[in-house]
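Residue numbers (this note's numbering), protein chains in the order written: chain A, 1 to 575; chain B, 1001 to 1575.
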């Protein structure tokens, strides 16, 4: 039976519990319920009252394609609201082998306590002194852990940024390619891990258990159909595997929605240098890989192996948003430098999206010349060091804005906006404004329907239909996140009539229950309700559901659009 | 006729206007009304939409004792709410000589524009290139202005912190002793001035006008009685003139409410080294002055001239809160070093209260050893420089907390709490929680009645009567701030039966109206209503009316008290 593992980081006691009141919940539905129920909404995110929760999805460990995503939840140090930060990597695939559905890190050590490596076994938890890897970047720290636990060890790491409790810190999870390259990126949960003095978490390398579906035959059939669905859609079978998410660079630029120079324009004149096509060309010329999965069981394979000029591994999980953030938004067009920045973010443990907008704000404030990629690399290297500039960078866009006296701050609820200008992709703007997560595209990716014409066709420049679109996508996303599925399955799901039923069949067969499409929707709605409830208790109101004023005041070229939603109009996007 | 001077900092146009809809309002009532009416509550505080408003009080320029305070208003870069920051100095006494009741700085220059010195005359405004004083500390900058405009020039300066738009920046006003030693300290209005590229404002040194009371005889009589009232109370005639506000060090320590080591204790074991008595002794031994006024017409004389060991002027306006903030709260007991820190804050243009709590938070985060006064001095010197540590410090307590990963952050609405622990002076805790200003003691100084037994006797350790006390004091304070009177008149007013009538007589005689005690109260209530209304529009709710959780979780020695108010209980303190 899958269990909850609670770990008290102060007393170092642990407890395996039955799921109890959390039975039936997984992934985001699980983390958001637990955080809403057990974390005082008015606590400081770095205080002992906050809890860090990791949960596999309802389909975690089932073996269904792309079901290995991990949800990480807590009160966010970045937004002050609830956070679910979603990561690939091997963690969510391995926890079920230990019969562990979720891990909850509670309390925090006394002042002056050192960092620990937390070893998790099927029957116990052990705290080991982390001193040898404290202060170390994530890749070398992971190498050290490999020396102790073996190459295939499954780890979670707080990087130097997380150790310092910087509010844009990630938690880095190890991937199938033996690198700590997958991030629970958004919302600063690495800082919560750091506040609890957990440097690393290691899952028993000898873990052997395997989840057995309740109805093996039915599960097998559903699983087969599920893979067919994913392999039958052009985005998930051709676009993403061929070019990764960076395929969007040209598409969004063409749509006039690629934010340029801290959201001043919608097109980048040097876009050809940073496009997905260009990246694929570079990768192939250096014997890298254009297709890799972020976790075992992924059939979409949107990740890659990006090698440097000498053919040595540089980075992976090199996403469109990262290319955009350090690229167009900072007027940088050197793709190797951008890849280097991606790697540094993974090394220090900071969110690449937040760092891209932070860098642009620093440039806006005169802290660095526009387009200075070498200078940008040096700034990122400071993160996690004693250099106070690293402390500014690692705390993200709003903090950099205050440090440099900048009034052009592209954030919602304290979290930076990603790579789609909301004036010309209005659907995703509705998501930015209204999701309980703060500025976030993944929470309701209306770009799909606005630009890619997946799941319908809603004009990106018009207000019509966007609020409803965003709401429906927010619900579907929360449900997909709760099943532990990769969000990219949504491209296929939205265009395939039997896809929702197929996901329900997977759940039903895996758990021996009758899980319907209504249950699927309810799971998404309830997760969102937990999140909105927590945020309301934390002091958020509808006033927080709006974009910064400059989006309403400045027209965006080339379409000369502005953001023109009232707060009242936006409320209908919330469940 | 007194006029409003509007200055567009982008176009450099100016306009003298009649008071119009703002007639009858002065000081805080004026600034809060104008900000509430004319500034979009959701604007970025550093954006062109914000306005910086300076207003003399209703009694400004009348010649009544202690009527020369200036109210500065804007949307605060520190709190995100409305701000009235109150300053001494000669500015409010000189504006009426130019028939100027209020000055409104609007819009902001284009990107890349340089700083200006704004010269204000009775008939015009001139913008001069400020390049020669840009980047200069406030004292040397003021010296340069004296060379141009004469020794007695009346100036307002944005220091190096304000130039960088740091959110704890002050505006420094020149005092009668020819130094830029008076601050509109709280809430970061120096950053708003900096955002508008105003380095300095200079009032016509040849200003000669003089306000004539409508009823000279009545005014003369009321003015005489008013001075008698101030001179008849022991706090305003003996305590404050003898020792300045630092007389409180021993008193509050004795009461067990002197926050020590970032609000961990209520008494400082080295209090004797930093007491008001000790400071007076040092001042006298060095031929300084224990009595000085912050503006012409002050009869309380709580300021001083603090000389260094060589007998040279070091600082003035050396307040209790400053002594506490860099002293007990940082475990520093070297009074000369604390005086040096006060001077540096005036030089860089940052709020000493915010800096004291910021320093303690940096110490809490391991950025400096507790008690390291030399290190603290070095940190303050970085403010306004290109050193990023200065950018962290100059943005105050919450930003330092994020930079150093500290969860013990003594702020309300983003502004740091001052020198009275709310667990053992509960009345002022109610003010901290509920005033629209954010953590602020001056907004409703219940210390008077809780500890000094002025205006009654309410047990500081008990909840009983505190909410009503705070509410009444908040109203009276807003009214006093609106008349342009020094807040310290309240000590005498609270204990003198005819004092409110005397203030009303002053207003009536000065303006030829019938101003009653009800009008006085209404002026305070209406100012607060404007402020609460603005904050509500800016997104504040009652959830923001509470102290950080640690005050409710940790008992404060020696009385072992906690903060035990629910948000609902606190709402009654609001008008």
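For every residue, glycine included, the Cβ atom is placed at its ideal position computed from N, Cα and C.
{"Item": "Nearest to residue 1388 of chain B (by Cα), restricted to the options B:1152, B:1092, B:1303 and B:1161", "Value": "B:1161"}
{"Item": "4 or more residues per run - each alpha helix (DSSP H) lying fully within the region 1269 to 1339 of chain B", "Value": "1276 to 1285 and 1320 to 1326"}
{"Item": "Start-to-end residues for the beta strand (DSSP E) that takes in residue 1118 of chain B", "Value": "1116 to 1120"}
{"Item": "Rounded C-alpha distance that separates residue 1201 of chain B from residue 1125 of chain B", "Value": "10 Å"}
{"Item": "9 Å Cβ cutoff, residue 338 of chain A in contact with chain B", "Value": "no"}
{"Item": "Nearest-angstrom Cα separation, counted from residue 292 of chain A out to residue 88 of chain A", "Value": "12 Å"}
{"Item": "Where residue 1166 of chain B falls: helix, strand or coil (DSSP)", "Value": "coil"}
{"Item": "Residue 1385 of chain B and residue 550 of chain A closer than 9 Å at C-beta", "Value": "no"}
{"Item": "Minimum C-alpha distance to residue 1025 of chain B - residue among B:1003, B:1093, B:1014 and B:1192", "Value": "B:1003"}
{"Item": "CB-CB length for residue 79 of chain A against residue 1541 of chain B, believed under 8 Å", "Value": "Contact doesn't hold; Cβ gap of about 17 Å is too wide."}
{"Item": "Residues of its chain near residue 1253 of chain B, where Cβ-Cβ distance is below 7 Å and the 5 sequence neighbours each way are ignored", "Value": "1267, 1268 and 1271"}
{"Item": "Between the CA atoms of residue 1505 of chain B and residue 1296 of chain B - distance to the nearest angstrom", "Value": "21 Å"}
{"Item": "Alpha carbon of residue 393 of chain A to alpha carbon of residue 344 of chain A, nearest angstrom", "Value": "13 Å"}
{"Item": "Rounded separation between residue 1065 of chain B and residue 1316 of chain B - CA only", "Value": "21 Å"}
{"Item": "Cβ-based neighbour list, residue 1305 of chain B, same chain, cut-off 8 Å, excluding 5 preceding and 5 following", "Value": "1177, 1283, 1288, 1289, 1292, 1313 and 1316"}
{"Item": "Beta-carbon contacts of residue 479 of chain A that lie in its chain and below 7 Å, excluding the five residues immediately before and after", "Value": "520, 521, 523 and 524"}
{"Item": "Span separating the alpha-carbon of residue 273 of chain A from that of residue 395 of chain A", "Value": "29 Å"}
{"Item": "CB contact below 9 Å: residue 1388 of chain B versus chain A", "Value": "yes"}
{"Item": "Pair within 9 Å by beta-carbon distance, residue 1037 of chain B and residue 1115 of chain B", "Value": "no"}
{"Item": "Chain A contacts from the region 1369 to 1403 of chain B (Cβ-Cβ distance under 8 Å)", "Value": "1387, 1388, 1389, 1391, 1392, 1395, 1399, 1402 and 1403"}
{"Item": "Runs of alpha helix (DSSP H) wholly within the region 1040 to 1090 of chain B (minimum 4 residues, chain order)", "Value": "none"}
{"Item": "Unbroken stretches of the beta strand (DSSP E), 3 residues or longer, contained in the region 370 to 397 of chain A", "Value": "none"}
{"Item": "Sub-9 Å separation of residue 477 of chain A and residue 439 of chain A beta-carbons", "Value": "no"}
{"Item": "Residues near residue 450 of chain A by beta carbon distance below 6 Å, same chain, minus five either side", "Value": "425, 427, 458 and 460"}
{"Item": "Below-9 Å beta-carbon distance, residue 164 of chain A vs any chain B residue", "Value": "yes"}
{"Item": "Rounded separation between residue 1308 of chain B and residue 421 of chain A - CA only", "Value": "57 Å"}
{"Item": "Residue 1005 of chain B - containing beta strand (DSSP E), residue span", "Value": "1003 to 1008"}
{"Item": "Contact set for residue 1516 of chain B: own chain, Cβ-Cβ below 7 Å, skip 5 residues either direction", "Value": "1504"}
{"Item": "Under 8 Å (Cβ pairs) to chain A, residues found in the region 1162 to 1195 of chain B", "Value": "1164, 1165, 1166, 1167, 1191, 1194 and 1195"}
{"Item": "9 Å Cβ cutoff, residue 1282 of chain B in contact with chain A", "Value": "no"}
{"Item": "Backbone secondary structure at residue 200 of chain A - three-state DSSP", "Value": "strand"}
{"Item": "Supposed contact pair residue 350 of chain A and residue 383 of chain A - C-beta distance, whole angstroms, cut 8 Å", "Value": "6 Å"}
{"Item": "Inter-residue spacing [alpha-carbon to alpha-carbon] between residue 108 of chain A and residue 20 of chain A", "Value": "25 Å"}
{"Item": "Beta-bridge partners of residue 549 of chain A, as assigned by DSSP", "Value": "DSSP output for residue 549 of chain A lists no bridge partner at all."}
{"Item": "CB contact check: residue 1538 of chain B to chain A, cutoff 9 Å", "Value": "yes"}
{"Item": "Helix, strand or coil at residue 130 of chain A [DSSP, three-state]", "Value": "coil"}
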